[in-house]
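In our numbering, the protein residues as written are 510 to 755.
In this text, a Cβ means the ideal position worked out from N, Cα and C, and glycines have one as well.
Below is one structure, written out as structure tokens, with a few remarks after it.
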């Protein structure tokens, strides 16, 4: 251990912890975006005037925490945050993002009230034409787009949604707070990003994406259909279950 490392440790904070803190802050703040190459071990050794073992220990801990990816002969790179969501839960994306230790931000991209089209009625399982609200939104984790949202709300079932602009609050938590749902359906599939989705999520056209579609009902009335689209490498769906009895 160098004299500087010894002094830092005796002062109550090791260089190992300082390296961890400095790199974590740059990743979680978005200063170092996913794919950014972390300085090589010898560069960090020179920057912090410490042993290579100290640097290696810090990088190994960051890799174990899922913040960086270490590639043999190539170096270490910032990983895209990966979240886990329960398949059968209706959850708030804000909670999902904050669980990653990242700042959440929401942006409404488009809002349109219209008479339902045949496609709208099929998505909501409506038997007759009526007013709907179409929304397009984007959810961010730190500086990066996290999920693209396309949502239809049945205004016959949720009249007050027609007056809400959804500029400050996302439609998901707004609906959960006002309309008790009695039934929900999830559908999960994979797609290749078209140009619109690629631009929204800041990924390459054709990149694999995970799509989670959900319909909810309240007392037999269709309430909403929503389609969340995630970059495939950033999202995992989890289901826990037990064997059926008998």
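Return helix, strand or coil for residue 652, following the three-state DSSP convention.
Numbered from 1 along the chain shown, position 143 holds the residue referred to as residue 652. Coil, per DSSP.
According to DSSP, is residue 597 part of a helix, a strand, or is it coil?
By one-based count along the chain shown, residue 597 stands at place 88. In this predicted model, residue 597 has a pLDDT of only 49, less than 50, meaning its place in the structure is not dependable; the value taken from the coordinates is given anyway. Residue 597: coil per DSSP, three-state reduction.
Thinking just about the alpha-carbon of each residue, which of 525, 667, 536 and 548 is nearest to the one in residue 734?
Position 225 of the chain shown, counted from the first residue, corresponds to residue 734. Among 525, 667, 536 and 548, the Cα nearest to that of residue 734 is on 667.
Going by C-alpha distance, which of 621, 563, 663 and 659 is nearest residue 639?
Along the chain shown, read from residue 1 onward, the residue named residue 639 stands at position 130. Nearest of 621, 563, 663 and 659 to residue 639, Cα basis: 663.
Shortest alpha-carbon distance to residue 698 belongs to which of 721, 681, 688 and 680?
Mapped onto the chain shown, residue 698 falls at position 189. Ranking the options by Cα distance to residue 698, first place goes to 721.
In the DSSP assignment, find the beta strand (DSSP E) that holds residue 733 and state where it starts and stops.
Here residue 733 refers to the residue found at position 224 of the chain shown. Note, residue 733: beta strand (DSSP E), 730-740.
From residue 524 to residue 716, what distance separates their C-alpha atoms?
Within the chain shown, the letter at position 15 stands for residue 524. Within the chain shown, the letter at position 207 stands for residue 716. Looking at the two C-alpha atoms, the distance is approximately 39 Å.
Have a look at the DSSP bridge pairing and note the partners of residue 554.
Within the chain shown, the letter at position 45 stands for residue 554. Beta-bridge pairing links residue 554 to no other residue.
Which residues in the same chain have their Cβ closer than 6 Å to the Cβ of residue 566, if we skip the five residues on either side of it in sequence?
For the purposes of this step, residue 566 is identified with residue 57 of the chain shown, where counting begins at 1. Excluding positions up to five away in sequence, the list reads 525.
Alpha carbon to alpha carbon, what distance is there between residue 630 and residue 593?
Taking the chain shown and counting its residues from 1, the one referred to as residue 593 is at position 84. Taking the chain shown and counting its residues from 1, the one referred to as residue 630 is at position 121. Residue placement at residue 593 is flagged as unreliable, the pLDDT there being 48, under the threshold of 50; the coordinate-derived value follows with that caveat. Distance between the alpha carbons of residue 593 and residue 630: 31 Å.
Taking the beta carbon of residue 619 as the centre, do at least 16 other beta carbons fall within 10 Å, making it buried, or is it exposed?
The residue given as residue 619 occupies position 110 in the chain shown. It counts as exposed.
For residue 596 and residue 530, I'd like the C-alpha separation in whole angstroms.
On the chain shown, residue 596 is found 87 positions in, with the first residue counted as 1. On the chain shown, residue 530 is found 21 positions in, with the first residue counted as 1. Here the model assigns residue 596 a pLDDT of 47, short of 50, so the residue's position is not dependable, and the following value carries that caveat. Roughly 33 Å separates the two Cα atoms.
Please go through the same chain and pick out, in chain order, the residues whose beta-carbon is closer than 6 Å to the beta-carbon of residue 739, but skip the five residues on each side of it.
Numbered from its first residue, the chain shown carries residue 739 at position 230. Only 656 and 719 meet the Cβ criterion.
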